[in-house]
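Visitor: Have a look at the structure that comes next, please.
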Amino acid sequence: KAYHVLDYAYGWYVMLLLADTLLFFLIITLYILKWIKYPQKVKDEFKHPVKSAFAAAISISFLLLSIAYYDYAPTVSVTFWFVGAILHLLFTLVTMHYWINGDFKVAHINPAWFIPIVGNVLVPVVGVDIVPLFVNIFFFSIGLFFWVVLFTIVIYRMIFHQPLAKRLLPTFFILIAPPAVGFISYFRITFGSIDMMSLFLYTIALFTLILLLFMANTFSRLAFFISWWAYTFPLAAITIATILMHMTYHNSLTYMVSTLLILLTALVVLIVVYKTVQAINQQKICIPEED
2 KAYHVLDYAY
12 GWYVMLLLAD
22 TLLFFLIITL
32 YILKWIKYPQ
42 KVKDEFKHPV
52 KSAFAAAISI
62 SFLLLSIAYY
72 DYAPTVSVTF
82 WFVGAILHLL
92 FTLVTMHYWI
102 NGDFKVAHIN
112 PAWFIPIVGN
122 VLVPVVGVDI
132 VPLFVNIFFF
142 SIGLFFWVVL
152 FTIVIYRMIF
162 HQPLAKRLLP
172 TFFILIAPPA
182 VGFISYFRIT
192 FGSIDMMSLF
202 LYTIALFTLI
212 LLLFMANTFS
222 RLAFFISWWA
232 YTFPLAAITI
242 ATILMHMTYH
252 NSLTYMVSTL
262 LILLTALVVL
272 IVVYKTVQAI
282 NQQKICIPEE
292 D
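Quick note on numbering: the sequence shown equals residues 2 to 292 in my numbering.
Here is the structure:
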C-alpha cells in the first residue's frame, strides 16, 4: 500500500509479497504434516481456550493475500478470497459453537479471541468487487457487532481479574485491529467515503495505538515470545488505515503520520523477524509449553 500511495519502491513490494506467499504455504504444509503425524495434538489445540483462537489465522492469511494480490494478480486474489471467506465463516461457526457449549471462565478470555470472529470485517476489502453488497455487509456486520461484545468482556477481564500472562501481553495490540480493519472495510464498502462512521472507527484505532505506545515500557521489558507477532498485523492495519486517510485528505499531517507509521511497522516487523530467527537458532520456539 505504501508503494501505491506514497510512491515507494514497487520492486520491494513484489519481492516481499512473493516471500510472504512462499512462507505462508510452507507453514501450511508443515501444519498439515503435523495434523497427519500428531492428530490428537492438533485436536487439543483446537479445544484450547487460547490456542484455538489462532486457528482462524489460516483463513485470515488467505484474505490478506487476496488483498495483497488484488492489484498485482487479480485472478490469484479472487481465488485466495473465496478460500479465505469460506474458511473464515466456517471458523466463525465452529468457534461460536465451541464458546457457547464450552466451559470457560472470564480468565480465559484475551485479545486473541477477536481473531476468529472479528476477522470477518476483512472479507469486504476485496469482496466488494467480487460478490453482491449484501454478502459483504453480512461479514462486516458479524465482525463489527462481535467486536463490541468481545471488547466489553476483554476490558472487564483486564480491569477486574488477574493480569494476562506475560507471554500474552503482546496480544494487547490486537485491540487496534478491529476498528482499524473496520475502517478499511467500511472505506471499501462505501467506495472511498469518509464520514462519521469511518472517522469513529479510525479514531478509536488511533487512540488504542496511542494508549499502547503510552504503555511502551510494559512491552519493552518483555522477553521474546512467539506472541510478539501480535504486534505486526495490528500496526500494519492502522498504517494502511492512515494511508487511506492520506489518499482522501492529501495534507502534510496525514502524509507525516503515514510515513511514521510505515517506518514504525517496518521496524517492528524487522525486530520480530530477527528475534524469531534468533529464537529458532537457540531452539526456544516450537517446543512444549505449560498451559
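Note that CB positions come from ideal geometry on N, CA and C, so glycine has one too. Note that the coordinates shown come from a computational prediction; the quantities given were computed from them, not determined experimentally.
1. What is the rounded straight-line gap between the Cα of residue 134 and the Cα of residue 224?
2. Measure the Cβ-Cβ separation of residue 242 and residue 174 and say whether it is below 8 Å.
3. Out of 148, 48, 153, state which residue places its alpha-carbon closest to the alpha-carbon of residue 102.
4. Considering only their Cβ atoms, is the gap separating residue 86 from residue 64 smaller than 8 Å?
5. Over what stretch of residues does the alpha helix (DSSP H) that includes residue 247 continue unbroken?
6. With distances taken Cα to Cα, identify the nearest neighbour of residue 88 among 129, 140, 278.
7. Got a sec? Which residues, its chain only, sit under 6 Å from residue 168 by beta carbon, not counting five neighbours each side?
8. Could you tell me the distance, in whole angstroms, from the CA atom of residue 181 to the CA atom of residue 279?
9. Is DSSP giving residue 282 helix, strand or coil here?
10. Counting along the chain, where does the alpha helix (DSSP H) carrying residue 44 start and finish?
11. Grab me the residues of residue 151's own chain with a C-beta within less than 8 Å of its C-beta, minus the 5 sequence neighbours each way, in chain order.
12. Go through the segment 49–95 residue by residue and report every complete run of the alpha helix (DSSP H) that reaches 4 residues or more, in order.
13. Less than 8 Å between the beta carbons of residue 62 and residue 25, yes or no?
14. What does a CB cutoff of less than 7 Å around residue 137 pick up in its chain, not counting 5 residues either side in sequence?
15. Of all the beta strand (DSSP E) runs that stay within the bounds of the segment 181–222, which reach a length of 3 or more residues?
16. Would residue 273 and residue 232 be called neighbours here (beta carbons separated by less than 8 Å)?
17. Over the uninterrupted alpha helix (DSSP H) stretch that includes residue 143, give me the two end residues.
18. Note the first and the last residue of the continuous alpha helix (DSSP H) segment covering residue 122.
19. My understanding is that residue 203 touches residue 246, with C-beta atoms under 8 Å, so please give their C-beta distance in whole angstroms.
20. Look at the Cβ atom of residue 244, then the Cβ atom of residue 177, and state whether they are nearer than 8 Å.
21. Using the Cα positions of residue 196 and residue 40, report the straight-line distance between them to the nearest angstrom.
Guide: In terms of the structure at hand:
1. Note on geometry: alpha-carbon atoms of residue 134 and residue 224 lie some 45 Å from one another.
2. In this structure, residue 242 sits away from residue 174, with a CB-CB distance that is not shorter than 8 Å.
3. 48
4. yes
5. Start and end: 233–250.
6. 140
7. 226, 228
8. Roughly 31 Å separates the two Cα atoms.
9. helix
10. For residue 44, the enclosing alpha helix (DSSP H) begins and ends at 40–47.
11. 110, 114, 115, 118, 119
12. 58–70
13. yes
14. 124, 125, 128, 129, 190
15. Scanning the segment 181–222 for uninterrupted beta strand (DSSP E) segments of 3 residues or longer gives nothing; none is fully contained.
16. Annotated as proximal: residue 273 and residue 232, with beta-carbon spacing under 8 Å.
17. 134–161
18. Per DSSP, residue 122 belongs to no alpha helix (DSSP H) and is neither H nor E.
19. 7 Å
20. Their beta carbons are not under 8 Å apart, which means residue 244 does not touch residue 177 by this criterion.
21. 48 Å
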